[in-house]
Amino acid sequence: MDYFDVIKRALTVTWKYKALWVLGFFVGGGSGGGGGSSSSYSRSFTFDSTSDSMLAAELERIGEWLALYWLPLVLLGGAVLAFSLFFSVAAQGGLIHMVNESEENRQVRLRDGWREGFRRWGRTFMIDAATVAPILALIAALVAAVVAAVGGIIYAGDSSASAAGGAFVGFCCGFLLLIVALIIAAFVLGVVQSLALRYGVLQDVSFGQALARGWNDLFGKRGAFVFELAMIIPGLVYAAAIGMFSLVFTVPSAMMLASGSAGPGAALSSLLALILIVPASAYAAFQSSAWTIFFRRMNGLELAPAAQVPAPGQNDFLPPPPEPPAPESPPYV
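Residues 12 to 344 (the working numbering) make up the sequence shown, in order.
1. In whole angstroms, give me the CA-to-CA distance for Val202 and Gly225.
2. Tell me which residue opens and which closes the alpha helix (DSSP H) that Ile259 is part of.
3. How is the alpha helix (DSSP H) around Leu121 delimited, first residue to last?
4. Take Leu213 and list the residues in its own chain whose beta-carbon comes closer than 6 Å to its own, dropping the five residues that flank it on each side.
5. Based on Cα-Cα distance, which residue from Val85, Val91, Cys184 and Ala235 lies nearest to Val199?
6. Would you report the Cα separation of Thr23 and Ala90, rounded to the nearest angstrom?
7. Can you look up Met309 in the DSSP assignment and give me helix, strand or coil?
8. Alpha carbon to alpha carbon, what distance is there between Glu127 and Pro290?
9. Just verifying my parser: in three-state terms, what is the DSSP assignment at Arg20?
10. Count the other C-beta atoms from every protein chain shown that fall within 10 angstroms of the C-beta of Val17, then say buried if there are 16 or more, exposed otherwise.
11. Tell me the DSSP secondary structure of Gln118 in three-state form.
12. Do Leu106 and Ser281 count as a contact pair if the criterion is CB distance below 8 Å?
13. Tell me whether the beta-carbon of Ile6 lies closer than 8 Å to the beta-carbon of Leu206.
14. Roughly how many whole angstroms lie between the Cα atoms of Phe15 and Ala241?
15. Between Leu121 and Ala196, is the Cβ-Cβ spacing less than 8 Å?
16. By how many angstroms is the C-alpha of Met12 removed from the C-alpha of Asn310?
17. Beta-carbon separation of Thr135 and Gly219 under 8 Å?
18. Mapping DSSP to helix, strand and coil, what is Gly88?
19. Alpha carbon to alpha carbon, how far is Ala295 from Arg131? Give it in angstroms, no decimals.
20. Check whether the Cβ atoms of Val38 and Gln103 lie closer than 8 Å to each other.
21. What are the boundary residues of the alpha helix (DSSP H) that includes Gln11?
Shown next as structure tokens:
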């Protein structure tokens, strides 16, 4: 299989059907520029707080505000998270359906994508949950290891330095092993998730069967591993392009914040966050398109090329010569 031809085709489909970007926003584009505003706020706070007394007063005011409004904030955050999760799951199935429609030479419509996404919502959610749960478990193990190691070092520090050193070495070794396990699990389960979602949406099988087929394809059809590696290249290109574009905003924003202009600097960072939503949505749509096209080719679902019928009037297709006239019958005697 020509993996780069799959990527090229995915770029063509993503650019041709801008409706995919709408679903891409719900899949991953909504968080495309969130990091810039938080870092800008931290810089603003650092440069504006010129004395310890101002810092203490600011922290006290923030603490009082949070103590007063913590419950509405928690409820609002939970509602936003639930809303995002609900539509993100539906958008995943909708993207797969719409890209498949384009490859079947059928009309691509946004409302059909939403309808199919909500129809497969439960199946898509279960596939996501089954593939994300092991990763969350490893992250929890990492956090537990850090807490246990820090507690062990503090406890051993009262007795001997050698015990504290041994605890630190053990923590480093265990932490590295968990990091390696997390990277491998994320890579493997990411491939299984991408394949299982398409089995569930396109071939209408249960989430358990979809996961089983995705896992079998991971080893039976090893092209999925290679394609996952090939997808790193457009990811690096995207990250480099976004990074260079962000410098146009982050450098002036940092200079404004350093000079004490917190308002304009924060506004510029917020503008960057809004602008980055567009490429993040498009890239999320591209990723889904690439995996859907790869899935179709891996399973032999591509349409046969249509026969090329030449236009009439060409020399290669002249009408046949007329048949010779039948011989005359002899006269009747």
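C-beta atoms are modelled at their ideal positions from N, C-alpha and C, and glycine is treated no differently.
Here's the rundown:
1. 8 Å
2. Inspection of the sequence shows that residue 259 is occupied by Val rather than by Ile. Taken as a continuous stretch (DSSP letters only), the alpha helix (DSSP H) holding Val259 covers Ile243 to Ala269.
3. Leu121 to Arg130
4. Asn111
5. Ala235
6. 36 Å
7. helix
8. 25 Å
9. helix
10. buried
11. coil
12. no
13. There is no way to answer for residue 6, as the model of the chain reaches only from 12 to 344.
14. 8 Å
15. no
16. 11 Å
17. no
18. helix
19. 19 Å
20. yes
21. No information on residue 11 is available, as it lies outside the stretch 12 to 344 that the chain covers here.
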